Amino acid sequence: MRLVPSRTLPGLLLVLASACEPRLYTEGGPVADAAWTPPENSWPVGAPPEDLRPEGMGVWRVVYDVRGLDQHGDELSLWQFHGSWVLLDVSTMWCAPCRDLAIGTEALWQEYRDRGLVTVTLLLEDTHGDPPKVADLKQWATLASLDPEHDYELITAPVVSDPKGRSGSIEAIERGQYPALLLISPDLQVTRRIEPVTDVRVREVLAELDL
């Protein structure tokens, strides 16, 4: 066994203390014991159970209560959709496949909203890699007008800013590839990671669930 010289112990202890220092990770989801409070917005609200605790963005985990401003400038809580199926699209504005997916979002929303499905788009970065502003969310919503098969002007489903994924949504991104599509059950568990991320595959998965 190698003895550590006594003169090096203060520095060594400082390093160990720094490595073990707890970190306040506000970027990785809500505080587990924080009471859920409903935000003020125009979207439906289904209050989650009081004992529900966030677990992560992986399959069979209770999803983080991602909160952010929507395209109307109101705060939205992902947990407010308790009782509904949620198709969660985690995207960035600089990502071309994300834009392609967004073009069909309104059509999907209109087709499935009366069947108990809510489509929620989370934008983590704008076209420059910076946190999206409400104006960016409004701009993103106009992508619905590019749908060649429908005469939509806007995405009317929630489009929400989660800058850099600080609410924990960044955990949905694997291998640095955007977008990520998660299907969340009415009890707020992630039940499926949809791959490949295509409109056809989304409809196949929803058909399997009889939605």
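Count the sequence shown with my numbering and you get residues 44 to 254, in order.
Built from N, CA and C at the ideal position, the CB exists for glycine as well.
As the structure is a prediction and not an experimental result, all values here were calculated from the model.
To the nearest angstrom, how far is it from the Cα of residue 174 to the Cα of residue 113? For residue 174 and residue 113, the distance between alpha carbons rounds to 13 Å.
Taking the DSSP output, what are the residues bridged to residue 245? Residue 245 pairs with nothing; no bridge assigned.
Identify every run of the alpha helix (DSSP H) within the region 144-185, keeping only runs that are complete inside it and at least 4 residues long; order them along the chain. The alpha helix (DSSP H) runs of length 4 or more contained entirely in the region 144-185 are, from start to end of the chain, 148-155 and 177-184.
At the level of alpha carbons, what is the spacing between residue 185 and residue 100? About 28 Å.
Is residue 212 helix, strand or coil when you go by DSSP? Secondary structure of residue 212 (DSSP, three-state): helix.
How is residue 220 classed by DSSP in three states: helix, strand or coil? In the structure shown, residue 220 adopts coil according to DSSP, grouped into three states.
For residue 122, count neighbouring Cβ atoms within 10 angstroms of its own Cβ and tell me buried if that reaches 16, exposed if not. Buried.
Touch check for the region 90-108 and the region 224-243: three-plus C-beta pairs under 8 Å? Verdict: yes, contact present.
When the Cα atoms are used, what is the spatial distance from residue 94 to residue 147? Going by the C-alpha atoms only, they are around 36 Å apart.
How big is the Cα-Cα spacing for residue 251 and residue 144? Roughly 21 Å between the two C-alpha positions.
What would DSSP say about residue 93, mapped onto helix, strand or coil? Here residue 93 sits in coil by DSSP.
For residue 251, three-class secondary structure by DSSP: In the three-state scheme derived from DSSP, where H, G and I count as helix and E and B as strand, residue 251 is classed as helix.
If you draw a straight line from the C-alpha of residue 214 to the C-alpha of residue 241, how long is it? Near 20 Å, if we compare the C-alpha coordinates of residue 241 and residue 214.
Roughly how many whole angstroms lie between the Cα atoms of residue 24 and residue 227? Outside the shown range of the chain (44 to 254) lies residue 24, about which nothing can therefore be said.
Where residue 104 falls: helix, strand or coil (DSSP): Coil, per DSSP.
So the candidates are 237, 87, 206 and 107; which of them puts its Cα closest to the Cα of residue 77? It is 107 whose Cα lies nearest to the Cα of residue 77.
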